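S.K.: Going by UniProt numbering, the first residue of the sequence shown is number 1, and it counts up by one from there.
Using N, Cα and C, we set each Cβ at its ideal position, and we do this for glycine too.
Fair warning: this is a prediction, and the values are worked out from it, not measured in the lab.
Next up is a structure, given as structure tokens.
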Amino acid sequence: MESLRVFWGELGAFRYGVILLFVLTLTYIYHVIRRCVIVSRKVKPIDKQEHEGVSVIITSHNNAECLRRNLPSFLMQAYDNFEVIVVDECSEDDTQDVLIEIQKDYPQLRCTRIFPDTKFRFTKKLAVNIGVLAAKHDILLFSEINCRPSSMYWVKTMESYFDENTAAVVGFANYDFTEQNVRNLRMFRFLRFIKMMVMVKNKKYIFGDGCNMAYRKSYYIENRGFAKNSQSYLGYDNDMVRELSRFGAIKMTKDPSSYVIIDKSDKKGEINEVSYYYASKMRLAMTERIMIDGDMIVRLFFYLTTICLIVLGFYPIYVLLVMLTVFLTDVILLNICAICLKQKKLFLTSFIISMIGFVYRVYENGYSFFNKRKWS
């Protein structure tokens, strides 16, 4: 004990670095373990005696070929009481002809249209609002036309998570394994979904996903839709989750039957998802942004502290060993999360390459985070 006191006294100013490193290490490990526990826990859908009707709402702008390719996947769902509503957003291609052709084989398809000569300002929220008002059922299920359900039980699975106290359900959507040049986007969506699960567990309802989410029409009407911010492109998914959390529970589902596959090759105009994510975050209060990125802030300070101690020559071998141990623990637990979500395993090299690519993509598109015209 006496030798320990002597050693502690000889550390001098380094003792503060040791204390900081100890606290950061414990906090870092706590975050990664808790994240893994939340993602890996089993959540069973509600055992319902009667199932409700579902209205699937999809918006489309000049995507005739994409409609022809993906729309049948939404229409061939193994569910008795559902409809699919396609809102044509001022299309000037063959969208109307394609919809009429598909409607002959699928009577559950309903279509509405915003004409190109519309005099008032057009936004994504307007198209969503038109689809909501046209819906026959109270449960509204949303996706994009560049997506397709991963199974025939997508509608059934998403509906099974609703009860009288549920306001919204958010599912997982990611790019196809076979797509080329989407590794960074796959990593981004994977990490974002995990963060969403952690936030919901913390009862912080900040983000949704327009590719795969559902909520009740009655709550939407009671909330007056997007009346608070109808002229901005941002928030057609996130704002609804935030607003509707006042009416009931927000649930996340990781059931593979509820997954949606995104086809990058079908995107028109390709609004950058990373840019959209960060532009949405910039609308939040500073306290909310810090809360969202709390784990990333801990990671940053942990690695900065370890690097500083190594550079200053404070037992570099041992500090490096601590850093590598924590890093490998993070990677291993992240792989467990990937297995739970039925995603491709992240090997150490691919993890590092993907993270570098992701950071570069954020930097490359950074100008659009603050470009308000892009999102107005």
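Once DSSP output is grouped into helix, strand and coil, what is the label at leucine 312?
M.R.: Reading the sequence shown from its first residue, position 312 is the one you call residue 312. Looking at leucine 312 - three-state DSSP - the assignment turns out to be coil, as it is neither helix nor strand.
S.K.: For alanine 227, does the three-state DSSP call read helix, strand or coil?
M.R.: Position 227 of the sequence shown holds residue 227. In this structure, alanine 227 counts as coil in the three-state DSSP scheme.
S.K.: Identify the continuous beta strand (DSSP E) that holds phenylalanine 82 and give its terminal residues.
M.R.: Within the sequence shown, the letter at position 82 stands for residue 82. Counting along the chain, the beta strand (DSSP E) containing phenylalanine 82 begins and ends at 82-89.
S.K.: Does the beta-carbon distance from serine 245 to alanine 167 come in below 8 Å?
M.R.: Taking the sequence shown and counting its residues from 1, the one referred to as residue 245 is at position 245. Taking the sequence shown and counting its residues from 1, the one referred to as residue 167 is at position 167. Cβ atoms of serine 245 and alanine 167: closer than 8 Å.
S.K.: Let's see if you can read the secondary structure: which residues bound the alpha helix (DSSP H) around leucine 128?
M.R.: Here residue 128 is taken as the residue at index 128 of the sequence shown, counted from 1. According to the sequence as given, residue 128 is valine; it is not leucine. Unbroken alpha helix (DSSP H) run through valine 128: 124-134.
S.K.: Once DSSP output is grouped into helix, strand and coil, what is the label at cysteine 211?
M.R.: Walking along the sequence shown from the start, residue 211 turns up at place 211. Of the three classes helix, strand and coil, the one that applies to cysteine 211 here is coil, per DSSP.
S.K.: Taking DSSP's pairing of strands, which residues face lysine 251 in a bridge?
M.R.: The count along the sequence shown starts at 1 and reaches residue 251 at position 251. In the DSSP assignment, the residues bridged to lysine 251 are Val169.
S.K.: Output needed for aspartate 209: all residues of its chain with C-beta closer than 7 Å, excluding positions within five of it in sequence on either side, in chain order.
M.R.: To locate residue 209, count along the sequence shown from 1; it is residue 209. Contacts found: Val170, Ala173, Asp237.
S.K.: Going by DSSP in three states, proline 116 sits in which element: helix, strand or coil?
M.R.: Here residue 116 corresponds to residue number 116 of the sequence shown, with the count starting at 1. Here proline 116 sits in coil by DSSP.
S.K.: Just curious, the alpha helix (DSSP H) that phenylalanine 142 is in, first and last residue?
M.R.: On the sequence shown, position 142 is the one that residue 142 refers to. Segment 139-144 is the beta strand (DSSP E) holding phenylalanine 142; no alpha helix (DSSP H) there.
S.K.: Does the Cβ-Cβ distance between aspartate 93 and alanine 134 come in under 8 Å?
M.R.: Within the sequence shown, the letter at position 93 stands for residue 93. Within the sequence shown, the letter at position 134 stands for residue 134. Not in contact: aspartate 93 and alanine 134 (Cβ atoms no closer than 8 Å).
S.K.: Say whether the region 96-112 touches the region 213-228, bearing in mind that this needs 3 or more beta-carbon pairs closer than 8 Å, one atom from each stretch.
M.R.: no
S.K.: Within the chosen definition, does the region 31-41 reach the region 55-72 through at least 3 CB pairs nearer than 8 Å?
M.R.: Contact annotation: the region 31-41 does not touch the region 55-72, with fewer than three C-beta pairs closer than 8 Å.
S.K.: Among Ile290, Pro116, Asp263, which residue has its Cα nearest to the Cα of leucine 71?
M.R.: Position 71 of the sequence shown, counted from the start, is the residue given in the question as residue 71. For the residues Ile290, Pro116, Asp263, the minimum Cα distance to leucine 71 belongs to Asp263.
S.K.: Closest to residue 377 by C-alpha separation, out of Ile250, Met76, Lys203, would be which residue?
M.R.: Since the first and last residues shown for the chain are 1 and 376, residue 377 lies out of range.
S.K.: With H, G and I counted as helix, E and B as strand and the rest as coil, what does DSSP make of tyrosine 175?
M.R.: Your numbering for residue 175 matches position 175 in the sequence shown. Here tyrosine 175 sits in strand by DSSP.
S.K.: I'd like the list of long-range same chain contacts for valine 18, defined as Cβ closer than 6 Å, with 5 residues on each side in sequence excluded.
M.R.: Along the sequence shown, read from residue 1 onward, the residue named residue 18 stands at position 18. Here the set comprises nothing.
S.K.: What is the rounded straight-line gap between the Cα of arginine 189 and the Cα of tyrosine 278?
M.R.: Indexing the sequence shown from 1 puts residue 189 at position 189. Indexing the sequence shown from 1 puts residue 278 at position 278. About 13 Å.
S.K.: Determine the extent of the alpha helix (DSSP H) in which isoleucine 38 is found, giving its start and end residues.
M.R.: Indexing the sequence shown from 1 puts residue 38 at position 38. Note, isoleucine 38: alpha helix (DSSP H), 14-40.
S.K.: Let me know the secondary structure DSSP gives glutamate 109 once reduced to three states.
M.R.: Locating residue 109 in the sequence shown gives position 109, counting from the first residue. Correcting the residue type first, residue 109 is leucine in the shown sequence and not glutamate. Reduced to three states, the DSSP call for leucine 109 is strand.
S.K.: Classify alanine 78: buried if its beta carbon has 16 or more other beta carbons within 10 angstroms, exposed otherwise.
M.R.: Counted from its first residue, the sequence shown places residue 78 at position 78. It counts as exposed.
S.K.: Rounded to whole angstroms, what's the CA-CA distance from glycine 366 to leucine 234? Just pull it up for me.
M.R.: Here residue 366 is taken as the residue at index 366 of the sequence shown, counted from 1. Here residue 234 is taken as the residue at index 234 of the sequence shown, counted from 1. The pLDDT assigned to glycine 366 is 46, lower than 50, so where the model puts this residue is not dependable, and the model offers no usable value.
S.K.: With 16 other CB atoms within 10 Å as the buried threshold, where does serine 218 fall?
M.R.: One-based indexing of the sequence shown puts residue 218 at position 218. When all chains shown are included, serine 218 counts as exposed.
S.K.: Alpha carbon to alpha carbon, how far is leucine 191 from leucine 26?
M.R.: What you label residue 191 is simply residue 191 of the sequence shown in a count that begins at 1. What you label residue 26 is simply residue 26 of the sequence shown in a count that begins at 1. CA-to-CA, the gap between leucine 191 and leucine 26 works out to about 21 Å.
S.K.: What is the residue span of the beta strand (DSSP E) that proline 256 lies within?
M.R.: Position 256 of the sequence shown, counting from 1, holds the residue named residue 256. First-last for proline 256: undefined, no H or E at that position.
S.K.: Leaving out the 5 sequence neighbours to the left and right, which residues in its chain are closer than 7 Å to valine 198 when beta-carbon positions are compared?
M.R.: For the purposes of this step, residue 198 is identified with residue 198 of the sequence shown, where counting begins at 1. Contacts found: Arg35, Ile38.
S.K.: Going by DSSP, what residues sit across from proline 149 in a beta bridge?
M.R.: Taking the sequence shown and counting its residues from 1, one reaches residue 149 at position 149. Bridge partners of proline 149: Val260.
S.K.: Which one of Tyr318, Cys111, Gln103 has the shortest CA to CA distance from isoleucine 58?
M.R.: If you number the sequence shown from 1, residue 58 lands on position 58. Of the candidates Tyr318, Cys111, Gln103, the one whose C-alpha sits nearest the C-alpha of isoleucine 58 is Cys111.
S.K.: Report the three-state DSSP secondary structure of serine 218 (helix, strand or coil).
M.R.: Within the sequence shown, numbered from 1, the residue matching residue 218 stands at position 218. It is helical.
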